[in-house]
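Each step along the sequence shown adds one to the number in full-length UniProt numbering, with nothing skipped, and position 152 is 152. Structure first, then comments.
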Amino acid sequence: MGLQEINCKDKINCKRLPQLGSVEVLEASYRKQNFSRHTHDCYAFGFITAGRLDFSYQHKDWQANQGDINLVVPGEVHDGHGASNFGWSYKMLYLPAAIVREANFSLTETDTLPYFLPGVISDNIFAKGLQELHEILSDEAMPFLQQESMLCQWLGAFISVYAGQKKKTLNFGKEDAAVKTTKEYLEQHYANSVSLQDLAEVTKLNPYYLLHVFKNAVGIPPHLFQQQLRVQKAKALLAAGSALTAVAYETGFADQSHFSRQFKKITGLTPAGYQKMF
1 MGLQEINCKD
11 KINCKRLPQL
21 GSVEVLEASY
31 RKQNFSRHTH
41 DCYAFGFITA
51 GRLDFSYQHK
61 DWQANQGDIN
71 LVVPGEVHDG
81 HGASNFGWSY
91 KMLYLPAAIV
101 REANFSLTET
111 DTLPYFLPGV
121 ISDNIFAKGL
131 QELHEILSDE
141 AMPFLQQESM
151 LCQWLGAFIS
161 VYAGQKKKTL
171 NFGKEDAAVK
181 TTKEYLEQHY
191 ANSVSLQDLA
201 EVTKLNPYYL
211 LHVFKNAVGI
221 PPHLFQQQLR
231 VQKAKALLAA
241 GSALTAVAYE
251 TGFADQSHFS
261 RQFKKITGLT
271 PAGYQKMF
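Written out as structure tokens, the structure is:
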């Protein structure tokens, strides 16, 4: 099947489900969106409904076509963009790591986060199930018990089939001392101007060596990690109802325009669009 061009402006609909442990469901059509390299602290499962999504993940280039499942595990660096002049549409589920860990424990009795090797899966049965699950979770009229049951059913089956292809156990959040110290320092000073020399002093490492160690362990350099932290903090403030200008200032962005650009490059949403979820 040839690529289907998305003849529309970006359309995004996203909602959070606090009754389901803050699972997020998103439906979007992107024409020119270009996600910068970033990571999630959750699992992301998607179903391509039109066009094609190209992304780098696990040091490979992936192409998710219409009907494919695209996925990302916590802590793995990835980006994303449409194929050439073609955009893409997809339906996404963002599942907190705790939910996936619990599902994995119920199946394997091991308290670990499962690792899924491929970034793209062509499986009509699971793709159809994911699309149906997305529709059920998006429908506010659906009984909570049905939503919870369908989520557990699909996730459990997916883990049983695809976590078995893993080549490693997900070690999200476990790094050596220098990387951990750098992360903690950036988390404490996310809104401040931080230099590589500052990080070198707190880790007692040469700046150039620290940069190499951090990027090799995390997948992105310290400045992009700090940018991601700022966006995460901004999301919390937006959810609490803070004004956009105040959020931009409190999270260390130069101005509201810069804040909006960086926020959309990571989340795919504008700050105002994200705040409407709450």
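Every residue, glycine too, gets a C-beta built ideally from N, C-alpha and C.
Straight across, the Cα-Cα distance linking Leu186 with Val194 is about 8 Å. As a beta-bridge residue in DSSP terms, Val23 pairs with Leu17. Here Arg37 is not near Val72, since their CB atoms are 7 Å or more apart. Cα atoms of Leu113 and Asn124: separation of roughly 25 Å, rounded to the nearest angstrom. Lys11 sits in a strand when the DSSP states are folded into three classes.
Comparing C-alpha distances from Pro222 to each of Val120, Gln197, Ala240, Thr245 shows the shortest one belongs to Gln197. At a Cβ-Cβ threshold of 7 Å, Ile159 and Ala103 count as neighbours. A distance of 7 Å or more separates the beta carbons of Trp154 and Leu137. In the pairwise beta carbon analysis, the segment 249-260 is classified as not touching the segment 196-214: fewer than three pairs are separated by under 8 Å.
When DSSP states are grouped into helix, strand and coil, Ser160 belongs to the helix group. Residue state for Ser149 is assigned as helix, using DSSP reduced to three classes.
In the DSSP assignment, Val120 forms a beta bridge with Asn70. From the listed residues Ser89, Gln66, Leu95, the smallest Cα separation to Asp41 is found for Leu95.
Of Val231, Ala243, Ala240, the smallest CA-CA separation from Arg261 is found for Val231.
In the structure shown, Asn104 adopts helical secondary structure according to DSSP, grouped into three states. Secondary structure in the segment 24-96: no alpha helix (DSSP H) run of 4 residues or longer lies completely within the stretch. For the 7 Å CB-CB criterion, Val120 and Asn70 form a contact.
For Thr110, the number of other beta carbons within 10 angstroms of its own is below 16, and it is reported as exposed. In the structure shown, Leu269 adopts coil according to DSSP, grouped into three states.
Counting along the chain, Tyr249 sits inside the alpha helix (DSSP H) bounded by residues 244-250. Taking Leu17 as the centre and dropping the five residues before and after it, the same chain places the C-beta of Val23 closer than 6 Å to its C-beta, in chain order.
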